[in-house]
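Start counting the sequence shown at 1; every next residue gets the next number (full-length UniProt numbering).
All residues carry an ideal CB built from backbone N, CA and C; glycine is no exception.
Computed from a prediction, not measured in an experiment: that's the story for all the values here.
Everything on this sheet refers to the single structure shown next.
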Amino acid sequence: MKKKRILPFILSALLMLGTVPAAAEEENTAAGTENQEENTDASASQGQETVPERDPNLPDSYYEPVATNSLEGWPEGPAVWADAAVVMDCDTGSILYSKNMDKQEYPASITKLMTILLAIENSDPQERVEFSEHAIWGIERDSSHIGIRIGEVLSMEDCLYGMMLESANEVCIAVAEHVAGSEEAFVQMMNDRAAQLGCTNTHFVTTNGLHDDNHYTTAHDMALIAQAVWQYDLFREVQSNLTYKIGWTNRTGEQRWLGQQHKMMLNSTQYYYPYCVGGKTGFTDQALNTLVSYAQKDGKTLICVDLRTNGWQNYYDSQSMFNYGFDQFHQVTVGAQAKAPGFSFLPDDQELGTGITVTVPNEVSADSLTLEGSLENGTLTRTVSYKGYTVGTQSLDVSENISALLESSPALMAKQPASVSRAVEAITRPAPDKTGFIDRVTEAFSSLPSWKYPLVILLAGIIIFYVIILIFHIRRKRRRRRRRRKKASSRRKQGQQRRRT
């Protein structure tokens, strides 16, 4: 009986001992599952850090690649909101930063930099500019203006300040009519000047930048225009002022005060940048915000172009690009060796003209740069590059330089006189004259003093009259000869008939 009572207790104990390993296994399995989940979460978070998701608050343009970041040995530049942007060293022309710099964009009011350039090059600051009806009413009513009236007269200097500070659209048309006679003729001057500067993707339709689908430029081309106008003292003075007063005129006794609109120059704004020395703003619904800025620091002058940006982010873009340009680059000078076909008679270290100053990353020295040249029609074009990327060019008329060099180094001629003479002749030979006869006559006529014009016209009239008389005389002689021949022929026929009869 006692054994039967003890047996259930023994069986219960055995069952309890059997469940302990199972429970332990379940715990281990659960713990392993938790650890696996934790590891999976950690791996997922690491993957998210490696490939971050795009911030929905940033435009797609912010993530577009910066072209110069792909250059070997080039410092990485900042990401910017602009659809297209460029930073150029104003003194050397070297491009330090580029993002879609050759992409066509609408410029809006930064167009006025070209208008101002032509105004400075083709007029005097004290010239008087009268405003036509077309200038006043030829702009959109809600666009920028300074309230000029029909028939009002301003000085060209007043007009420059009106265009630069207040972006006055009616002033642009008046300046165009004053300089070229019409807005259309002035626009042609704008396009011609752009081509001279090397702008390859620019076409102007308006003088003020008001929208037209065929009015476009690029960040690179705008940098070239900004570099050209910066060379003039008058422009640098105008664009650096924060305010300007236009006094009373023939149409109003009131004074007009103009104010600087470039916020990087105003220390009262959050966009103030202490190194900014000027620039031009722009906006249309199609172009969005556009901005050209100049900044100076440590003896360097940089140009920044920022195109198609939403809001005032273009100021932050420009500041980050300026900081990049000032902090990461320096200027070096490359020797002026010939380095071109046709100059084989010169020593390898022989220099022509002056050296070429370029802007390169801080770690790069002049020895790391490559100098190449090409010769065409007596012009030597040198190209300086760093690992295949062009950082500077120089064009030189070598005719005078070669002649001076041979005079100062007679040993060159004594070395190989025949080959040197042939090379010099090929280098200095002038391009063939393609001017036609009519062009030469026109040029000769235009070079005469004005008082000789009546005499030349009178002489030409006499010659023409003589030629006409001579032609009539010759024709009359020919008619007489034909009549005589007819008479002689008829007489011969009559004589033959008589003989037959």
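Annotated three-state conformation of M101 is coil, per DSSP.
Sequence-distant Cβ neighbours of I148 in its own chain, meaning closer than 6 Å and more than five residues away, are F131, E170. In the DSSP assignment, S293 falls outside any alpha helix (DSSP H) and lies within the beta strand (DSSP E) extending over 288 to 297.
Judged by DSSP in its simplified three-state form, G373 adopts strand.
Contact annotation: N208 and T111 have beta-carbon atoms nearer than 8 Å.
Per DSSP, the unbroken alpha helix (DSSP H) holding G162 starts and ends at 156 to 165. The continuous stretches of alpha helix (DSSP H) do not include A79, and DSSP gives it neither H nor E. Per DSSP, G325 is not a residue of any beta strand (DSSP E); the alpha helix (DSSP H) it occupies stretches across 313 to 328. If you draw a straight line from the Cα of T390 to the Cα of N191, it is about 26 Å long.
Here V384 really is in contact with L371; their C-beta atoms are around 6 Å apart, less than 8 Å. The beta carbon of K297 sits closer than 6 Å to those of Y275, F326, all from its chain and outside the five residues before and after it, given in chain order. Taken through DSSP and simplified to helix, strand or coil, V187 comes out as helix. Per the Cβ contact rule, the region 306 to 326 is in contact with the region 284 to 296 (3 or more Cβ pairs under 8 Å). Assignment of L197 by DSSP, reduced to helix, strand and coil, places it in the coil class. In this structure, A219 sits away from I303, with a CB-CB distance that is not shorter than 8 Å. G282 and P454 have their alpha carbons spaced roughly 53 Å apart. Measuring C-alpha to C-alpha distances from L258 to each of D367, E157, A79 identifies E157 as the nearest. By the criterion of at least three beta-carbon pairs nearer than 8 Å, the region 263 to 274 is not in contact with the region 86 to 94.
Nearest Cα to H215 within the set L58, Q104, L154: Q104. With three or more CB-CB distances shorter than 8 Å, the region 158 to 167 counts as touching the region 244 to 257. Pairwise C-beta distances place the region 116 to 130 out of contact with the region 308 to 320, as fewer than three of them are shorter than 8 Å.
Its Cα nearest to that of N57, the residue W81 stands out among E72, W81, P65, N201. Only residues of its own chain outside the window of five on either side were considered, and among them G353, L380 have a CB closer than 6 Å to the CB of L396, listed in chain order. L291 sits close to G279, with the two beta carbons spaced by under 8 Å. When the alpha-carbon of V238 is set against those of T217, D60, N250, Q261, the nearest one is in Q261. In terms of CA proximity to G373, G392 leads the group E363, G392, I457.
For Y273, the CB contacts under 6 Å within the same chain, skipping 5 residues up- and downstream, are M264, Q319 in chain order.
Rounded to whole angstroms, the Cβ separation of Y106 and Q286 is 5 Å, and the two are in contact under 8 Å.
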